[in-house]
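Peer 1:
There are 8 protein chains.
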Amino acid sequence: MRELLEAVATGEVSPAEAETQLRGYATTDAGRFDAGRETRRGVPEGILAAGKSPSAVATLTQAALETTGHALVTRVSEADVTAVTDEVADGVTVAHDERGRTLVARCRGDERPTVDAEVTIVTGGTADAAVAAEAETVLSVMGVDTTRVDDVGVAHLGRVLDETEELRAADVLVVAAGREGALPTVVAGLVDTPVIGVPVSSGYGHGGDGDAALAGLLQSCTVLSVVNIDAGFVAGAQAGLVARAVSDARHGST
Amino acid sequence: MRELLEAVATGEVSPAEAETQLRGYATTDAGRFDAGRETRRGVPEGILAAGKSPSAVATLTQAALETTGHALVTRVSEADVTAVTDEVADGVTVAHDERGRTLVARCRGDERPTVDAEVTIVTGGTADAAVAAEAETVLSVMGVDTTRVDDVGVAHLGRVLDETEELRAADVLVVAAGREGALPTVVAGLVDTPVIGVPVSSGYGHGGDGDAALAGLLQSCTVLSVVNIDAGFVAGAQAGLVARAVSDARHGST
Amino acid sequence: MRELLEAVATGEVSPAEAETQLRGYATTDAGRFDAGRETRRGVPEGILAAGKSPSAVATLTQAALETTGHALVTRVSEADVTAVTDEVADGVTVAHDERGRTLVARCRGDERPTVDAEVTIVTGGTADAAVAAEAETVLSVMGVDTTRVDDVGVAHLGRVLDETEELRAADVLVVAAGREGALPTVVAGLVDTPVIGVPVSSGYGHGGDGDAALAGLLQSCTVLSVVNIDAGFVAGAQAGLVARAVSDARHGST
Amino acid sequence: MRELLEAVATGEVSPAEAETQLRGYATTDAGRFDAGRETRRGVPEGILAAGKSPSAVATLTQAALETTGHALVTRVSEADVTAVTDEVADGVTVAHDERGRTLVARCRGDERPTVDAEVTIVTGGTADAAVAAEAETVLSVMGVDTTRVDDVGVAHLGRVLDETEELRAADVLVVAAGREGALPTVVAGLVDTPVIGVPVSSGYGHGGDGDAALAGLLQSCTVLSVVNIDAGFVAGAQAGLVARAVSDARHGST
Amino acid sequence: MRELLEAVATGEVSPAEAETQLRGYATTDAGRFDAGRETRRGVPEGILAAGKSPSAVATLTQAALETTGHALVTRVSEADVTAVTDEVADGVTVAHDERGRTLVARCRGDERPTVDAEVTIVTGGTADAAVAAEAETVLSVMGVDTTRVDDVGVAHLGRVLDETEELRAADVLVVAAGREGALPTVVAGLVDTPVIGVPVSSGYGHGGDGDAALAGLLQSCTVLSVVNIDAGFVAGAQAGLVARAVSDARHGST
Amino acid sequence: MRELLEAVATGEVSPAEAETQLRGYATTDAGRFDAGRETRRGVPEGILAAGKSPSAVATLTQAALETTGHALVTRVSEADVTAVTDEVADGVTVAHDERGRTLVARCRGDERPTVDAEVTIVTGGTADAAVAAEAETVLSVMGVDTTRVDDVGVAHLGRVLDETEELRAADVLVVAAGREGALPTVVAGLVDTPVIGVPVSSGYGHGGDGDAALAGLLQSCTVLSVVNIDAGFVAGAQAGLVARAVSDARHGST
Amino acid sequence: MRELLEAVATGEVSPAEAETQLRGYATTDAGRFDAGRETRRGVPEGILAAGKSPSAVATLTQAALETTGHALVTRVSEADVTAVTDEVADGVTVAHDERGRTLVARCRGDERPTVDAEVTIVTGGTADAAVAAEAETVLSVMGVDTTRVDDVGVAHLGRVLDETEELRAADVLVVAAGREGALPTVVAGLVDTPVIGVPVSSGYGHGGDGDAALAGLLQSCTVLSVVNIDAGFVAGAQAGLVARAVSDARHGST
Amino acid sequence: MRELLEAVATGEVSPAEAETQLRGYATTDAGRFDAGRETRRGVPEGILAAGKSPSAVATLTQAALETTGHALVTRVSEADVTAVTDEVADGVTVAHDERGRTLVARCRGDERPTVDAEVTIVTGGTADAAVAAEAETVLSVMGVDTTRVDDVGVAHLGRVLDETEELRAADVLVVAAGREGALPTVVAGLVDTPVIGVPVSSGYGHGGDGDAALAGLLQSCTVLSVVNIDAGFVAGAQAGLVARAVSDARHGST
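In the order they appear, the protein sequences are chains V, Z, Y, L, E, F, X and P.
Take 1 as the starting number for the first sequence in our numbering and just add one per residue.
Take 255 as the starting number for the second sequence in our numbering and just add one per residue.
Take 509 as the starting number for the third sequence in our numbering and just add one per residue.
Take 763 as the starting number for the fourth sequence in our numbering and just add one per residue.
Take 1017 as the starting number for the fifth sequence in our numbering and just add one per residue.
Take 1271 as the starting number for the sixth sequence in our numbering and just add one per residue.
Take 1525 as the starting number for the seventh sequence in our numbering and just add one per residue.
Take 1779 as the starting number for the eighth sequence in our numbering and just add one per residue.
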């Protein structure tokens, strides 16, 4: 702890980051930011913008930048992006993915980690794009390279069979699927690596809004694990944890 | 009507059958038997044994035999089979399918119709066998020949792809599937003929007892029509109506 | 394959259509268009506009036109119609059905097939009109002539009984019904041909939004197959597959 | 009150009945019996045997007999019937309806009231028989004559149309229906009198156990009121209240 | 029938009304209007404005006026009221109840029937007002006088006990209740006449939107019949049928 | 800690109790027994017998006796009672409540605490008796005296109003109610003390098994807190915590 | 009563307040205001603004002010606040809490009671703030001081463990939690005082809108009582009743 | 392929195994056994005994032994174990786990693979034991060593905090939890490795049978993936796939 306090004294470490390292979280006007999650849990603490005001989003983004050097915000509106962009200091880059509704801010010099393992993200159709993009962003922040295999819904098996080699090349797969949710089962039947299924809130009538897809993934005849409907962030982060474990094993660090 | 009454007078037609032809249904101690359904609707009136006493089942079977020359009973217990066998007249044959829990009784000389069209019944696994057998029996009573393609669940796509030619040869398909219910969607993606999906009450936990399968079939990205969970009788009869329409068209009768 | 490539060389076939014939689908900016579905499956690949931007709808419509000569778009908004109309080439006709919210575009010279079998579409009340119109459009694209029997809800049996002859004339029926969903059961009790029921999302309170109608159709005491709530496209396409099978049988082509 | 106490003194009224008249309920070892319900509410307090031990049923039956002169017990087992029969005093008649699982006990000299209005009970099939019998018993205890119209399910409209005159003759109708629950709507469309629908717990799969029927009755396009699934007692009692109001009006007593 | 046609010839009866009397319904651009319902069923055919365009509402209102002399429209918007008011002929009065969202139009000289029986409508709180008003309007059209007992929710029993005399004076009661839906049970425990409960879509969280109230009414320990959530029209009409039966009995007409 | 270890050395405290005091739980063959819960949480750790073998129940009972001097077991079968009785040491008393299916074992000399506050347990009918008895037992173990007010269901308001004084005398009330669950709302409207509602799994059809009661309690128009269906243990323990807080305040100990 | 009427005569008591004291409620144009609830029940009658017009809210606020000296309004919009502020008499203070959407109005000289017991309100994250604020306001009106422990969600146990002393200091706790609703269980495991859990309507997909949190609280392995989703008012009022009981016991008043 | 056929010729490989290697599955009287799953998918094809007859289980076990050298059967009854034991050849070992209801049969000389990665299985209480045992067995067959951390439910946080080091030592964790399902969230907050949550069908009333636990896991504020209720097999197999990926990376094989 002495080291840390000396670093504060010399200005190498900001007081906010020091408090966070000591207590595990930062207290801001907009709530406590669990900055310690990243070291404790290995997953960036995502800031869920939905249900918060743009100014609260900007405040929490600041807290994340000050304590961890970067920030990941999900389900952002245009107003959130503007509020964050207006408020961040010079030298902070802000990347906004419209489709996935994510925003990543990063202080100058902050580097994302490097993970030597590959995650492939698979979608059945255009309705799955936003969920896949959210997963892609969290994986990118975790330092994992991703490949995309899109529009391979099972109504035409040729599309997914054409990609068998690509699917088998991944260390872990995230497969998003709405409607009847059959794609993750079909994909998991083709590979010998872990598959994480994400039900997507497409569909209509009975079983719509992702309910049929969730139930179908939970009932899959093959081996899958599942996250909640539209939970691209969770699926991406879980895939990232697996990828990092593989990468660490490759490099002998665990 | 005169002709009918004269036939009664001469004993060619039993009074019970005559009343049925005139009113459209027969009245028995165990309830009214809708004997006219077969001519009016083209589907044999199935007697659902579940929830009835064996003696009520036997009485209704008698009513069916007297008015239509044959009887189809579904969801039979051993006791039902015994009760029916004990009570039917000489010369009546009784066929009991244990797996599908059906019973077909037929008077001597009663002939099943001949339908020139083929129905293929497809199952994903052993849990679908009872439902498939029920469909097979009703189709047999309607005079339709059936082919079976079994155990081709989508967890291993090779099994269903190996049967593509067989699947394409049918005029109409009945596809039963439990768990996540993906098979009917995959099959319907391989053929250009009508597919009728039957969700099966397998599975466990969330979406178990056929709920996930039903929702998945209703949400299918391809074109399917669906019947209720475990409704082998309804799926078979609907496939039989389509087959008969095709057969009649082949032979110019409609 | 040589023939096809020569046809590309001479310009008889566009490269896009050739790729589609070879791979079974076309890749566009807005997603893969399953152009092969129509030959493989016998059902036009409907483009579901709901949830897509007007420009994505226009791009996919273009892909459909280039690869199959026509396009069927469902659940269109006014903006979708404008975007498609603005972008299609000269000589493409665009037909928009407001009630059914469908759009059909067709290249000059593209002819719809001719199916010699009749589908009758039956509705219980005005709330069923949009669903019926969607079914009617897909059947029209498949080349099937349709008859409409409207506003014959069972609260007044006289209305449906008056149409018995009309109902019996069809080769296959699509019956739409909201609220308690009793109409398909009553209609199926009057005819000896296949009936496909469509629950409609009318109603309110417990069982509203089509839930009671769906459950009622699945529990029907007569023989019916069912599609999801408001699934006019699926019901129409399934009826079209049956009609085509009957037509082919009439003309000896299968 | 003096009159009552004098009647107790002279033995015309038992102390138990006097306490009941004063407090409105009787206290027994097996619980308080709401003996006052019949005068206060016009409906016999039914003793629900299900979930009680045979001896508790017998004790409550005794309490009912002592305070009101008769007892109505529903959902009885064979053991309940034996327990009651063994324990009642000489001169008490015990009538047990096996199908409806009801028991009515009556002291010598106790007379059921006379209601001059008719209730018709309608069923769709044999599965509705127990519910109809329960309604019939409660109406009988209330002094109302009932007519039965059975097995007129809508899969064959002829059956119910044949009974139109009978249906129109009633002052109020109780219509029981399982599966899709369409019968009460069809019946209510034929008459101009109040119809009370009872969903029955038949059916299977989605919407089974009376769920589809309940939802269908609540969504009916015509005018109906509804009771819970299998609530033959409630439907009968409500019909009885209407019948009594009509009877009283006929005889000028209200 | 001759009489009717002669009345058409002399102009006493319009052709539209004559067709309606003969066929039982009128055909308009906006759908078939079941004008015969009122004579056949004793209940005015309500026009449900929700989900229809103002011009369709006006057209159906016209059809109702021409065939029955009056029209009852429920769930009207301001635009519907304007459209109807603009289009009706001179001499037609239009009454709009804002709270109940109903509209009643009546031709000059058209008289509502007179029913000699009283219905009391009871509410628990202000959230029940719209439902009660809808019931009141349909009863008024049926010629039944209504009394209102408002804001007597069971959280304060004194309020409802103070009204006991009023409640007992009615021939039949409609009791509306949202949230936990306890009021109809409490009221039914105080009177000896039929009670019809209407669950109201108030409440929040688990069991909100009337679900708890509906379930509570169906489970009531006392005798009640129930209509769907917010079904003021149905409750009012059912109460009206009972009231008319009582009135007819009072005046010896049945 | 030294004191404790010395007490172990001298035999005043058993090693098992010492370990429990140090670690907060005891480890047995049948699982870890959270013996510390009582001191940490103020609530006896109930042993839920349902789903455990009689011998496992006996083992855990032993662990509880050794570490806390007494044991409370809920949902016991006859076999559980026998197993416990056979195994406990001399001097341990075993009290079994058949109705509540509870068992309380107590070492000689172990005294239950004394709480100076009163809890009244209220039930609507006989179906609530088991739940009330379970609550009563846990309160007794916590040292709280309870009063019972039984069979005061709201179908007859007189019963509950007669008990108003009794209800107002309590410091806190537990009110159990099945079917429509109206009783806790009515009781809470009569008193100015905390009311804890317990929904009971009585009822049938829609909303049966306690679902309607739970939803009704959560929607109550008055102020209540609620526990899960049939959770007599939880309701009793929560009431006991309130009672103890009141008692401590009375005696100045907090 | 004479005293009260004399006070009216001398003007000490307004006629409205007198009527309220005599009847227990006040009748206004906007409904009956249960002014007596506060004395009868010990809980301020909250006026739920949601679903009422601003002018109705203002009228009921007036009724509350005139009969009880203060008013508590929940779920207010900006328009409600304006309407109330415009209409209240001089000397009435109006306090509006934006986050909790509550409004408290108080006549000059009206004093809130003093309760000598402490309630701690605990939240898991920012989504719980509105619910906590609503609870805080009702407790403030009841005269109870509250402490807040915020943002201690269980994903990082350190946050809640750091607050253990604070949590143990309270007499009763209100714990709000959305998503998986684990916080109240964890908190209740740390204290020996009553905990009231409030599920919050955060979350998404399966179990969203508070459904998972509610189910989780009802299933808690520890002792909790629960209120409906987002029911901050009810949780606060129930905690207030417990606090007042403790305070009264401390000061010997009960 | 030649090599394989020569091996068949020389008897090194049985014809059954050869067919399986060529087609990917074996056909038996009791259904097709997907023997290729293990090589294709890396997960042993589990035979689900539930719903199959003992003799069918024995037949499928034989097929598995002949084609893969070992067999894993889940949800076995005593009768299944007897049937398998009676039928297997000499030299086959049969291991039966009563708690997890699994059976593993292995031919002499068949070796399980070795995976150099550790999976820790965590349970909240004794109700989770069967699920944990099922996961343990599948992991054992996959060659993965497992550690157990049992009875650490969150009602007493000390239990789980005491095990933090143990939890952090694993490469991947399977956490089973019933009731409110809070344990996987708490565990995942303590480690930086992948956590797979298994909801367990304990609990009662609302959210019982694992529903609350499933919803809670899907809503978790931390990063988790989930399997269906009681799906110990799936959770174990998914953890095994992750462990094998890590092991392969450690040893450079991928």
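Glycine residues also receive a C-beta, built at the ideal position from the N, C-alpha and C atoms.
Computed from a predicted model, the values in this text were never measured in an experiment.
Does Z:CYS475 come within less than 8 Å of chain V when only Cβ atoms are used?
Peer 2: Chain V contact via Cβ: present.
Peer 1: Would you say E:GLY1067 lies against chain Y (beta-carbon separation less than 8 Å)?
Peer 2: Yes, E:GLY1067 lies at the interface with chain Y (some Cβ there is under 8 Å from its Cβ).
Peer 1: Using a Cβ-Cβ distance cut-off of 8 Å, determine whether Y:HIS759 contacts chain E.
Peer 2: Taking Cβ atoms only, chain E never reaches closer than 8 Å to Y:HIS759, which makes this a no.
Peer 1: Taking beta-carbon pairs under 8 Å, can you tell me which members of the region 617-631 of chain Y lie near chain E?
Peer 2: Answer set for the region 617-631 of chain Y: empty.
Peer 1: Does any residue of chain E bring its CB to less than 8 Å from the CB of X:ALA1763?
Peer 2: Chain E contact via Cβ: absent.
Peer 1: So Z:VAL249 is in the alpha helix (DSSP H); what residue range does that whole segment cover?
Peer 2: Residue 249 of chain Z cannot be examined here, being either before or after the span of chain Z that is shown, 255 to 508.
Peer 1: Going along the region 968-996 of chain L in order, which residues come within less than 7 Å of chain F, judged by CB to CB distance?
Peer 2: Residues GLY972, LEU976, ASN990, ILE991, ASP992 and ALA993.
Peer 1: According to DSSP, which residues form a beta bridge with Y:THR622?
Peer 2: Answer is none; Y:THR622 lacks a bridge partner.
Peer 1: Near P:ALA2015, which residues of its chain fall below 6 Å by C-beta distance, leaving aside the five closest residues on each side in sequence?
Peer 2: Answer for P:ALA2015: VAL1821 and VAL1916, listed in chain order.
Peer 1: With burial defined as no fewer than 16 other Cβ atoms inside 10 Å of the residue's Cβ, what is the status of E:GLY1232: buried or exposed?
Peer 2: Result: buried.
Peer 1: On the premise that L:ALA857 lies in contact with L:VAL835, defined as a C-beta separation below 8 Å, what is that separation, rounded to the nearest angstrom?
Peer 2: Their Cβ separation, rounded to whole angstroms, is 11 Å, which puts L:VAL835 and L:ALA857 out of contact at 8 Å.
Peer 1: Is it right to say Y:GLY747 is buried, meaning 16 or more other beta carbons lie within 10 angstroms of its own, or is it exposed?
Peer 2: For the record, residue 747 of chain Y in the displayed sequence is Ala; it is not Gly. The residue in question, Y:ALA747, is buried, as its Cβ has 16 or more Cβ neighbours within 10 Å.
Peer 1: Name the DSSP bridge partner or partners of P:SER2003?
Peer 2: DSSP, once it has assigned bridges, lists P:ILE1974 as partnering P:SER2003.
Peer 1: Is Z:VAL426 closer than 8 Å to Z:VAL512 when the C-beta atoms are compared?
Peer 2: Outside the displayed span of chain Z (255 to 508) sits residue 512 of chain Z, for which this structure offers no information.
Peer 1: Per DSSP, what are the beta-bridge partners of E:ARG1164 in this structure?
Peer 2: Paired residue(s): E:ILE1137.
Peer 1: Is the Cβ of E:VAL1202 closer than 8 Å to any Cβ of chain F?
Peer 2: Yes, E:VAL1202 lies at the interface with chain F (some Cβ there is under 8 Å from its Cβ).
Peer 1: Just to make sure I have the definition right: I need the residues of chain F whose C-beta is within less than 8 Å of the C-beta of P:ALA1955. Which are they?
Peer 2: What P:ALA1955 touches in chain F: nothing, since even the nearest Cβ is about 14 Å away.
Peer 1: Give the interface partners of V:ASP97 over in chain P, defined as CB-CB distance under 7 Å, in chain order.
Peer 2: Those do not exist, as V:ASP97 stays about 20 Å from chain P at its closest Cβ, beyond 7 Å.
Peer 1: What did DSSP end up calling V:ALA177 once you bin it into helix, strand or coil?
Peer 2: V:ALA177: strand per DSSP, three-state reduction.
Peer 1: Indicate whether at least one CB of chain V lies closer than 8 Å to the CB of X:THR1671.
Peer 2: Cβ-Cβ to chain V under 8 Å: no for X:THR1671.
Peer 1: Applying a beta-carbon distance threshold of less than 9 Å, which residues of chain V neighbour Z:VAL408?
Peer 2: Those are VAL154, ALA182, THR185, VAL186, GLY189, CYS221 and THR222, listed as they occur along chain V.
Peer 1: Spell out a yes or no on whether the region 1917-1927 of chain P and the region 1696-1716 of chain X are touching, meaning 3 or more CB-CB pairs, one atom from each, closer than 8 Å.
Peer 2: Flag = no, the region 1917-1927 of chain P and the region 1696-1716 of chain X do not touch.
Peer 1: Do V:ILE121 and V:ARG148 have their CB atoms nearer than 8 Å?
Peer 2: Going by C-beta atoms, V:ILE121 is nearer than 8 Å to V:ARG148.
Peer 1: Can you find a C-beta in chain L that's less than 8 Å from the C-beta of Y:LEU665?
Peer 2: Yes, contact with chain L.
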